[in-house]
Amino acid sequence: VTIRRLDYQVPAYLVDTVELDIALDSERTIVEAKLGIRRNPASTAPRMLVLDGEALEFILATLDGQPVTPVIADNRFTLADVPDSFTLVTVSANKPSANTTLSGLFMSKNGFFTQCEAEGFRRITYFPDRPDVMARYRVRLSADKARYPVLLGNGNLLEQGELPGGRHYAVWDDPFLKPSYLFALVAADLVCEEQTITTNTGRTALLQVWVENGDLDKTHHAMESLINSIRWDEQRFGLELDLDRFMIVAVSDFNMGAMENKGLNIFNTKFVLANPQVATDIDFANVESVVGHEYFHNWTGNRVTCRDWFQLSLKEGLTVFRDQEFSMDMIAAAAPNAAVAASGKAVKRIDDVRTLRAAQFPEDAGPMSHPIRPDEYQEINNFYTATVYEKGSEIIRMQQTILGRDGFRRGMDEYFRRHDGQAVTCDDFVAAMEAANAHLGETADLSLFRRWYSQSGTPVLSAEREWDGNTGRLTITLSQHTAPSVSQPVKLPLHIPVVIGLLGADGADLPLRLDGESGPAPTERVLHLKEAKQSFTFTGLPAGEAMPVPSLLRGFSAPVVLDHDLRVEELAFLMAHDSDAFNRWEAGQQLMLSVIHARLRGEDAGLQTSALVEAMHRTLEADLDPAFVEVALTLPDEAYIAETLDVVDAPAIARVRDELKRQVATGLEDSLRARYTALGVALAAAGEYRPDPASAGRRGLRNLCLRYLTEIEGDGLQLAREQYAAATNMTDRFAALTALAHAGAATAELADFFQRYENEALVLDKWFTLQSTAARVPDGSSQPFVLHVLGLLKHAAFNLRNPNRARSVILQFCMNNPRHFHADDGSGYQLWAEYVLRLDSLNPQIAARLARSMDRWRRHTPERQARMREALQRVADKPELSPDVREIVGKALGA
Ligand code: ARG
Ligand code: ZN
Numbered sequence: 007v008t009i010r011r012l013d014y015q016v017p018a019y020l021v022d023t024v025e026l027d028i029a030l031d032s033e034r035t036i037v038e039a040k041l042g043i044r045r046n047p048a049s050t051a052p053r054m055l056v057l058d059g060e061a062l063e064f065i066l067a068t069l070d071g072q073p074v075t076p077v078i079a080d081n082r083f084t085l086a087d088v089p090d091s092f093t094l095v096t097v098s099a100n101k102p103s104a105n106t107t108l109s110g111l112f113m114s115k116n117g118f119f120t121q122c123e124a125e126g127f128r129r130i131t132y133f134p135d136r137p138d139v140m141a142r143y144r145v146r147l148s149a150d151k152a153r154y155p156v157l158l159g160n161g162n163l164l165e166q167g168e169l170p171g172g173r174h175y176a177v178w179d180d181p182f183l184k185p186s187y188l189f190a191l192v193a194a195d196l197v198c199e200e201q202t203i204t205t206n207t208g209r210t211a212l213l214q215v216w217v218e219n220g221d222l223d224k225t226h227h228a229m230e231s232l233i234n235s236i237r238w239d240e241q242r243f244g245l246e247l248d249l250d251r252f253m254i255v256a257v258s259d260f261n262m263g264a265m266e267n268k269g270l271n272i273f274n275t276k277f278v279l280a281n282p283q284v285a286t287d288i289d290f291a292n293v294e295s296v297v298g299h300e301y302f303h304n305w306t307g308n309r310v311t312c313r314d315w316f317q318l319s320l321k322e323g324l325t326v327f328r329d330q331e332f333s334m335d336m337i338a339a340a341a342p343n344a345a346v347a348a349s350g351k352a353v354k355r356i357d358d359v360r361t362l363r364a365a366q367f368p369e370d371a372g373p374m375s376h377p378i379r380p381d382e383y384q385e386i387n388n389f390y391t392a393t394v395y396e397k398g399s400e401i402i403r404m405q406q407t408i409l410g411r412d413g414f415r416r417g418m419d420e421y422f423r424r425h426d427g428q429a430v431t432c433d434d435f436v437a438a439m440e441a442a443n444a445h446l447g448e449t450a451d452l453s454l455f456r457r458w459y460s461q462s463g464t465p466v467l468s469a470e471r472e473w474d475g476n477t478g479r480l481t482i483t484l485s486q487h488t489a490p491s492v493s494q495p496v497k498l499p500l501h502i503p504v505v506i507g508l509l510g511a512d513g514a515d516l517p518l519r520l521d522g523e524s525g526p527a528p529t530e531r532v533l534h535l536k537e538a539k540q541s542f543t544f545t546g547l548p549a550g551e552a553m554p555v556p557s558l559l560r561g562f563s564a565p566v567v568l569d570h571d572l573r574v575e576e577l578a579f580l581m582a583h584d585s586d587a588f589n590r591w592e593a594g595q596q597l598m599l600s601v602i603h604a605r606l607r608g609e610d611a612g613l614q615t616s617a618l619v620e621a622m623h624r625t626l627e628a629d630l631d632p633a634f635v636e637v638a639l640t641l642p643d644e645a646y647i648a649e650t651l652d653v654v655d656a657p658a659i660a661r662v663r664d665e666l667k668r669q670v671a672t673g674l675e676d677s678l679r680a681r682y683t684a685l686g687v688a689l690a691a692a693g694e695y696r697p698d699p700a701s702a703g704r705r706g707l708r709n710l711c712l713r714y715l716t717e718i719e720g721d722g723l724q725l726a727r728e729q730y731a732a733a734t735n736m737t738d739r740f741a742a743l744t745a746l747a748h749a750g751a752a753t754a755e756l757a758d759f760f761q762r763y764e765n766e767a768l769v770l771d772k773w774f775t776l777q778s779t780a781a782r783v784p785d786g787s788s789q790p791f792v793l794h795v796l797g798l799l800k801h802a803a804f805n806l807r808n809p810n811r812a813r814s815v816i817l818q819f820c821m822n823n824p825r826h827f828h829a830d831d832g833s834g835y836q837l838w839a840e841y842v843l844r845l846d847s848l849n850p851q852i853a854a855r856l857a858r859s860m861d862r863w864r865r866h867t868p869e870r871q872a873r874m875r876e877a878l879q880r881v882a883d884k885p886e887l888s889p890d891v892r893e894i895v896g897k898a899l900g901a
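Written as structure tokens, this is what we have:
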């Protein structure tokens, strides 16, 4: 069934109050729901109450105290001829122990947990399970006290006590109206770290991080991140914590990263638990960003929520933008000076753009391509995508670029002034941005900009230059083109903000005066491309000199592919001099790409390669922030390279990229070793491990040096073994293990690692992931890689039901190991089909994620295409497929 955005109808009935009594039992949980319902005055629908309900056993229902008999069919509960205002009581049962979908009420090893977004609440009780029905909730939980000593709900704890039969209860009351997807409960054997905080207006609140016994040594970073998030939202957006109690609960079985349930955020353990022994620098950064993300949802998502699920990016794109800004500001705040702060922010931006290019660009060019506000879906869970999240964030970021930071803040203030407590649309957000900035005139006209919400696909932005050296005039002609897609055969021009600078012969920024302007000119400005093609002429540039070098799309000011006409020397010049750190990095990436493209065409590209290696050498030797040097010396991902090609030969891409890596390593060998040693000394002198940006940057660069050194003959493997053995933190130990595994020389260390961390589930996930994504079978043997993956799937510690573990092998192999997944014999595809089917009967959401690794099958070589199609067909042919997987394979096959 396809649901369409334009079919939206207001709810026929509203629910004002919800009183739940939930008697938790693994085999039969009984839920009594008392709903205060009234007719929606805005609705013209028939007088028929329709509630959602899924996997529920109906027990009884009363309307104003009188028994009623609903029709229950097709996951709907229907009552005809209901009054204008009434109290409905339903009693139903569900079986948490059998719920392997991890949607609704489910069990993880130490208790009961819930996940209601998007449509899980209907698996707990009959309800109009849609985000525009907002109610006040009061919940009474009861459970066996010995097994489930902690009972948590949304809002405030009103009352708790003992019950006969070894049970106990707790009553929770949420003072805020909320949609059902923000409902949550936890009943488990947990312990917490807690702290009270005073907000900027003097309210006090209790903060808690709940984990299972034995994990209290891993909660500190999450708590600190929560406090930093609260402070940041107060300072940057004037948004205060509105609850007396804010809880984070970690659970080891979870489909997604985390969930922003009101006052009771539930997290995948991966994004809570961290200490230097088990978490890497990247893990620490991820915990901070996900804790921030979920906390920021309290305003962007909870206080103002979505009218319907087509508006998902209203909360997700905006909240990703907010968490990205938060991480940047945290990096800047830790920096000793402005230069390091700027470079640190650029590194964060670079990371985010790499994610966008590796995950969202392919999505937007494939069968799942959709606008950030989709027009239709079959299964909403399939639309928690890189497009809705990451491209959604870029579309918010462009509004900040267009309106300025202050203008954007005014827009946010206006958004909350208008919509606090409401369920609204993406259009409402843009309208608030415009209204708050009306005094800016044309700048604040976002009418054309709105197309970013409705049009899918990645625009290609092309730039041409015309230089008049006699008069010092430079004309830049920008044009845009978005390729047609199945659902949108005609694409329209978008409003693209292009941040630009021009570099003079000395590498410094030149003043940018547009033709006809006078007065002082800035050295960086935003060009607004609003048509298919537009020219911009700059005057007063140094006459008689060579053409200035344009630095376009600084800071990646729009989510587009820039088709530039820069020569190799110009790229090297930008790489060395651009005042915009993002574009210094980007110039290097473009140089690398052009070498890789040439090699893939079979050219030797010797001269270009030496120019590149020389430029990389200068970067390594320059006095730059190590974190920046690390990203600048990292070759583009295989997935991004694949996106820049018309026909993808995945193993060939990996081979060419490996060769280039070895050449870089050979060319830079002495510098790499010197830097490796020097950074080691500096880190040792700095003392105990801390995950701050400066020391993480040093470790990152040092471990990249190690990685390069293990690519070539020499002492690299020896250094890696020494580092592995001597490591005092997970970052260094795992980096050494990774280098060894990719070299096919990690047999002993992998065995040692397993033994050391046998009882640390998240560390074991890393062990599985590394082996599933390695370039070679980690013991260097010549067995086909897929057999190694099969071995991992049969390992005693593997468990298909645990999403983190399932992802660590099967998803990682299919998504992040292109060279082996695309093995010539099609064995990777067969494994894919088998596991999509197996997972589908357990957990459709995880199965559908896995299914997406075939999205781009039409771009591979003809022989691989044939085998991929066969595997897709095998899955599509199964009669009992979930709607989740059905939608993905259906779209992939073009049905
Ligand atoms: N709102 C959550 C977040 O991004 C994601 C929950 C998605 N869950 C799902 N089953 N689709 O923070
Ligand atoms: Zn979110």
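End of the sequence shown sits at 901 in the UniProt record's numbering; the numbers just go up one at a time, nothing left out. Note that beta-carbon positions come from the ideal geometry of N, C-alpha and C, so glycine has one too.
Measuring only from the beta carbon, is residue i closer than 7 Å to any heavy atom that is part of ligand 2?
i	result
E266	yes
residue 903	Because the chain in this structure spans residues 7 to 901, residue 903 falls outside the shown range and cannot be described.
T325	yes
H299	yes
H303	yes
What are the start and end residues of the beta strand (DSSP E) that includes residue i?
i	result
P272	Here the sequence assigns Ile to residue 272, which means Pro is not the residue at that position. Looking at the DSSP string, the run of the beta strand (DSSP E) that includes I272 is L270 to N274.
L212	T210 to E218
M140	M140 to D150
L157	V156 to G159
K351	That residue, K351, is in no beta strand (DSSP E); its alpha helix (DSSP H) goes A344 to T361.
What are the start and end residues of the alpha helix (DSSP H) that includes residue i?
i	result
R605	A587 to L606
K40	Premise fails: K40 lies in the beta strand (DSSP E), T35 to R45, not in any alpha helix (DSSP H).
F252	Where F252 is concerned, there is no enclosing alpha helix (DSSP H), although the beta strand (DSSP E) it sits in stretches over R251 to V257.
For residue i and residue j, what's the separation of their Cα atoms in angstroms?
i	j	result
L518	R128	58 Å
M229	T210	16 Å
Q836	L746	29 Å
T543	A511	19 Å
S453	P380	19 Å
F791	C820	12 Å
A341	I356	18 Å
D90	T68	16 Å
L245	D239	5 Å
residue 903	Q330	The shown model of the chain, from 7 to 901, leaves out residue 903, and the question about it has no answer.
A437	D179	34 Å
R679	P850	48 Å
D652	P503	27 Å
R328	H299	7 Å
D721	A751	13 Å
Ligand 1 and residue i: does the residue's C-beta get closer than 7 Å to at least one heavy atom of that ligand?
i	result
Q851	yes
M262	yes
Y390	yes
N387	yes
A124	yes
residue 915	Only positions 7 to 901 of the chain appear in this structure, which leaves residue 915 out of reach.
S833	no
residue 2	Here the chain covers residues 7 to 901 and nothing more, so residue 2 does not appear.
S524	no
S109	yes
Whole beta strand (DSSP E) elements within the stretch 508-540, 3-residue minimum: Segments of the beta strand (DSSP E) lying fully in the stretch 508-540: 531-535.
Alpha helix (DSSP H) runs contained entirely in the stretch 697-747, provided each spans 4 or more residues: For the stretch 697-747, the full-length alpha helix (DSSP H) segments reaching 4 residues or more read 699-715 and 722-732 along the chain.
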